[in-house]
Ligand code: EPS
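Numbering (the working numbering), first residue to last: 24 to 383.
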């Protein structure tokens, strides 16, 4: 099982994570992880924070001389902005800084403060912030390297922003939102190719791989809809127009279409996996919405934190990372997680059996 857990506040000293379950013997480099972290920081419409941060990974455990050794991999990334926040985010000492009490609609602020009995919304927003996705990308980068060994490639693409597509239209839409003090969301698509048929299972609800992907993508901040293949479009068509017919040529099974997005019966079917996710506009607006002050209970406007106008490119890179973590988990579940050489031997045997017995 590949497990991932992270800790860290947006303006705390650093972010950390533990990634457990990758086989020993995977050659990894901080260079690739840092390149992925850089990709997450770029994209049109990001705010001032990205000019402060320059995310770089520190390998703390689980890696020796450039190879995984099978033990939990601990990673960290420092928050450079910490220098401006060390007193307000101090783990010990006197309380410092004004409390945030006007909760932003659409954020975790109000419900988080109520549920965790906090009088300062900062105690909630620091962790609900998408800054946390930095560690998902670092862990996902290591999973991507492992998957490359297995012949799997993961890529992502932004399809639309605020309902428009095409580079210039998208830029105009973001500029327009920014000038209004507003924000825009969008849709991105992830493609995973090289995955063999038969990962996941139809046996139980929690073994269905499509469900695991949907949950992983829905866990990304501000993602409000996930679609596998042509999910929504297929709901408008007849069955005969939807299902990907099965053909055979020279003993080899193939499909001419991939409307299912590579999933049948909760399992991969050998076609590329296609996952789309819709991101709502970020709830931190420079033109704040109506809310209530949680201290005074008086109507006010939401807090104006520095933020991004659009973070869809970052979300897309995070989507790739989540796809890598889920796919890596499915691989080690089926082919083993101790030593990479054994995992790859098991994969090779399995592929050979599917090809020989089923033409897959
Ligand atoms: C975020 C608010 C902004 C974003 C942040 C997510 O941070 P700040 O309040 O420091 O300006 O830049 O995203 C990141 C820091 C990041 O690395 O992606 C929020 O409230 O979710």
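Each residue gets a CB set at the ideal place from its N, CA and C atoms; glycine is no exception.
This structure is a prediction, so every number in the text was calculated from the model and none was measured.
In terms of residues, what are the limits of the alpha helix (DSSP H) holding residue 151?
First-last of the alpha helix (DSSP H) with residue 151: 145–151.
Within its chain, find whatever has a CB closer than 8 Å to the CB of residue 37; leave out the 5 residues flanking it on each side and keep chain order.
Answer for residue 37: 31, 99, 100, 101, 102, 105, listed in chain order.
Can you give the Cα-Cα distance for residue 189 and residue 346, rounded to whole angstroms?
Roughly 25 Å between the two C-alpha positions.
What residue from 252, 109, 356, 351 has the CA that sits closest to residue 174's CA?
Ranking the options by Cα distance to residue 174, first place goes to 351.
Could you tell me whether any non-hydrogen atom of the ligand EPS is closer than 8 Å to the CB of residue 330?
Answer for residue 330: yes, Cβ within range of the ligand EPS.
Which residues in the same chain as residue 205 place their Cβ atom closer than 7 Å to its Cβ, once the five residues preceding and following it in sequence are excluded?
Excluding positions up to five away in sequence, the list reads 308, 310.
Check whether the Cβ atoms of residue 46 and residue 362 lie closer than 9 Å to each other.
For residue 46 and residue 362, yes; Cβs fall inside 9 Å.
Given 8 Å as the limit, tell me if residue 244 has its C-beta closer than that to any heavy atom belonging to the ligand EPS.
Yes, the ligand EPS has a heavy atom inside 8 Å of this Cβ.
Along the beta strand (DSSP E) that carries residue 6, what are the first and last residues, could you check?
No answer is possible for residue 6: it lies beyond the span of the chain, which begins at 24 and ends at 383.
Using the beta-carbon count (16 or more within 10 Å), is residue 124 buried or exposed?
Result: buried.
So, for residue 155: in the same chain, excluding its five sequence neighbours on each side, which residues have a beta-carbon less than 8 Å away from its beta-carbon?
Cβ within range, chain order: 29, 31, 33, 38, 244.
Let me check one thing: in DSSP terms, what residues is residue 40 bridge-paired to?
For residue 40, which the question treats as bridged, DSSP gives the partners 29, 98.
If distances are taken between C-alpha atoms only, which option among 132, 79, 126, 193 comes closest to residue 334?
That would be 193, whose Cα lies nearest to the Cα of residue 334.
So what does residue 87 bridge to, in DSSP terms?
Residue 87 pairs with 90.
Taking the alpha-carbon positions, what's the residue 41 to residue 89 distance?
Taking the straight line joining both Cα atoms gives about 17 Å.
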